[in-house]
Each structure stands twice: as C-alpha cells, then as structure tokens.
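What follows is a set of notes on a single structure, which appears directly below.
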Amino acid sequence: MRKICVVVGSRANYSSIKSAMRAIAAHPELELQVVAVASALLDRYGEVVKLLEKDGFTPAARVFMLVEGETPATMAKSTGLGLIELPTVFEQLRPDIVLTVGDRFETMATALAAAYMNIPLAHTMGGEVSGTIDESIRHAITKFAHIHFPACSDARDRIIKLGERPEDVYLVGCPRMDLVAEVLARDTNGLDESVFAEGVGGRFDLAKPFVLLSQHPVTTEYGQGERQITETLMAIKDVGLPCIVLWPNADAGAEDIARGIRKYRERYGDTGMHFFKNLPAETYIRLLRRTACLVGNSSSGIREGAFIGTPVVNIGSRQDMRQRGRNVIDVPYEREAIAAAIEQQLAQGPYPSEPIYGDGHAGERIAEILAHCSWRLQKRITY
1 MRKICVVVGS
11 RANYSSIKSA
21 MRAIAAHPEL
31 ELQVVAVASA
41 LLDRYGEVVK
51 LLEKDGFTPA
61 ARVFMLVEGE
71 TPATMAKSTG
81 LGLIELPTVF
91 EQLRPDIVLT
101 VGDRFETMAT
111 ALAAAYMNIP
121 LAHTMGGEVS
131 GTIDESIRHA
141 ITKFAHIHFP
151 ACSDARDRII
161 KLGERPEDVY
171 LVGCPRMDLV
181 AEVLARDTNG
191 LDESVFAEGV
201 GGRFDLAKPF
211 VLLSQHPVTT
221 EYGQGERQIT
231 ETLMAIKDVG
241 LPCIVLWPNA
251 DAGAEDIARG
261 IRKYRERYGD
271 TGMHFFKNLP
281 AETYIRLLRR
291 TACLVGNSSS
301 GIREGAFIGT
311 PVVNIGSRQD
321 MRQRGRNVID
331 VPYEREAIAA
341 AIEQQLAQGP
351 YPSEPIYGDG
361 HAGERIAEIL
371 AHCSWRLQKR
381 ITY
C-alpha cells in the first residue's frame, strides 16, 4: 500500500482536500496519514483539528509552527519553523507521497521539506492566477511537485507552460466542489437559528435576505487591512441587510482586519451581525446557497460560488485574474462601489450553475491516480 501524507494547515486547506482524504482512506491500495499544522491547531482560528477528528481523521502528528504577530516577518518565520519541524515528521511517517494543497506558507514549508528528502510531492490547485504572495508560492510549488492536480483547464495549460511533463498533469477538478455537490444533492436547505449556537453577535431570520462576509488580508498590501474591512462593513451597513462575518485567515495583516471588525462592533453594535471564527464546510456551503450575496475576497466566491450560482461581490486584488463565472462583480475597496455592487446582485438574484472548477468527483480521481501513477523523482524542465 502506498502511504499518502496530507498536511492540513487551515480551515480553507481542509475543505480543499477533505474529499480526497476520504477517498484515500477508503482506497484499498492507499494508507492515509494526516499531519495537522499551523492555524489548524489554534483556538483563535477555530481549531480546525477538532473538525478533522469529528470527521474521523486522527492526525498522526501535530506541528505548531505559527509565530504570533501576523506580519510579513512572522509569516516568513512560520514558514522556516515549518521547514525545521516537518522533516522530523516525514522521517517518522515515511510516506510514499506527500500531498499538499494550494498556495499558503505552510504549503511552501511542506513542499521544500518533501523535495529535499526525495519524497514525491503531489500538489492540488496549482497553475491558477491570483493576487498576493499566494501567486508566487503557487507557481514555485509547481516546480517542486512531481504530480499535479489542477482544478480547471487554464490552470492545467499554465502548469505545462511552466515546463512540467503533460503526463504528470491530471485535470481532476477542485475537491471543494465534491463537498458542494454532496450538500446540494442531499440538503433541503434547512438552515435555522441553530447556526448561531456558535460564534458571537446578533441573531436573525436566515429565511430572509442576508449578506455573507469573508475578507482576508492581502499580503502585498500589508497595513491596509483595517481601512479595507472598514469600507466593506460600512457598505454592508449602508445596504441595511443583516450579515454573517467570518474571521480572517492567519496571513500577514490578519490582525489589521480583526481590529477593524472589533472597532466596527464597538461603535455600531452587533444586532444585525454574527461573527464566526470557523464554520464546518457543510454549514458554509448551505450559507453560500442561502445568502443573498457573498462579499469580500475569498476564493470561495470564485469556486463554490460559480458552482452554486451565488451572487458575489469580489473586492480588491486578492483574486485578480482567477478564472471566474458570471456570478462575480469586481469592485475596489470603496464603500460606495461595494454598496452599489451588492444592490446590483440583490436585484439579480441567484445565477445558473457554472461548474468551472469541477463536477464533484475530484477526490476519488485523486485517490485513484495516487494509487497507480508513476513519476520521475529527478525533475527536468521540458523546454
């Protein structure tokens, strides 16, 4: 049996690989190893490791690698700390393949550790284009990876243009769409006030229109996060709808956004707002389907939003040039522009589904490929 080691570092990380983890665990020729790292272990980011365990995944190792501060310097130090700690874990687990997700700093540490230890690296969601340091990290990891699992067609083409062998590039779709397809297939859209048992803030009727806010720091715009989130919150206030607010991720600048949220809450109260550190993926998908509009700069508006048909107001540069559907309106961090775009999406209503990032079967494809694929450990550019 091939041992497949999956490193999970955040809530987005987990939802982006959960279906593949299930498929790997169920495959008769594969053994799943799970390593929980970084913000996935911390209470202030929702302690995603508890969701892992609730879903039946027992981490074989835990790596505390997140340096406090959420600055560019601490982000670099966290990457270095991960690179110090992960080789010890890999020596103990002796995986046949390390599977890493996307473009975060813990992904870079994972890729470097595996590469230096001659462990074949499989990479999901490579080849895409976006803003922030994620753009650089994503393409750098492509050059370390031996097996590629892009989520969409233009990403596949881009990986091959980066000099990777076409036979190592498997267009499988995004595992996050697997979860969306499952929830949509079985769910009766039964959201009620039990959602508000977690988090803090006001409660409101989820059968009536509400806004969902998910906004993260842009690492290349460090120091602007408080102003940016304030513009967004004031725009939502102007529209007058209640709002569910998700806490930012652990990237440099997260504290700026958190400060902006706290100041807004202190000044205007939270009667029409409810704040969450973390949500189970299934609950988030139900909220995406029910919300009148997703606002912010999360890739979930681009990925899941297109699949579900969620109206999305995408703010700023974080998702620049990422392949997207008709459900997205792009605006700058300006209160009036954001409010106008929200009003436009409210008038529009739900969009037809566009399965740009997969058909709901990515996880099982990934598991089957990992069970039988071959690779060249010695990489060489193809041109």
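Residue numbers (my numbering): 1 to 383. For each residue, glycine too, the CB sits at the ideal point set by N, CA and C.
Just measuring C-alpha positions, the residue of 8, 253, 149 sitting nearest residue 365 is 149. For residue 29, no pairing in a beta bridge is given by DSSP.
Unbroken alpha helix (DSSP H) runs of no fewer than 4 residues, entirely contained in the stretch 56-110, are found at 72-93, following chain order. Looking at the DSSP output, residue 24 shares a beta bridge with no other residue.
The beta carbon of residue 234 lies closer than 6 Å to those of 335 in the same chain, with the five residues before and after it left out.
The criterion of a C-beta distance shorter than 8 Å is satisfied by residue 85 and residue 63.
Note on geometry: alpha-carbon atoms of residue 20 and residue 56 lie some 14 Å from one another. In the pairwise beta carbon analysis, the stretch 218-233 is classified as not touching the stretch 187-203: fewer than three pairs are separated by under 8 Å. Around the beta-carbon of residue 298, 16 or more other beta-carbon atoms lie within 10 Å, marking it buried.
For residue 106, the number of other beta carbons within 10 angstroms of its own is at least 16, and it is reported as buried. Nearest in C-alpha terms to residue 72, of all of 255, 375, 18, is 255. Rounded to whole angstroms, the separation of the alpha carbons of residue 49 and residue 41 is 6 Å. When DSSP states are grouped into helix, strand and coil, residue 307 belongs to the helix group. According to DSSP, residue 250 shares a beta bridge with no other residue.
Residues of the same chain with a CB within less than 6 Å of the CB of residue 312, apart from the 5 flanking positions on each side, are 294, 301, 305, 327, 328 in chain order. In this structure, the beta-carbon distance from residue 316 to residue 218 falls below 8 Å. Residue state for residue 277 is assigned as coil, using DSSP reduced to three classes.
Secondary structure of residue 145 (DSSP, three-state): coil. Contact check between the stretch 92-107 and the stretch 139-147: three or more CB pairs, one atom from each, fall below 8 Å, which counts as touching. Cβ neighbours of residue 169 within its own chain (closer than 7 Å, five residues either side excluded): 148, 150, 156, 159, 160. Counting of Cβ neighbours within 10 angstroms places residue 18 among the buried residues, the total reaching 16 or more. Residue 330 is bridged by DSSP to 314. In the three-state reduction of the DSSP assignment, residue 296 falls in the strand class. Look at residue 214 here: in three-state DSSP terms it is strand.
Of the candidates 177, 111, 134, 134 places its Cα closest to the Cα of residue 252. Closest by C-alpha distance to residue 59, out of 70, 179, 37, 67, is 37.
In the three-state reduction of the DSSP assignment, residue 151 falls in the coil class. Taking 8 Å as the cut-off, the beta carbon of residue 213 is found no closer than this to the beta carbon of residue 239.
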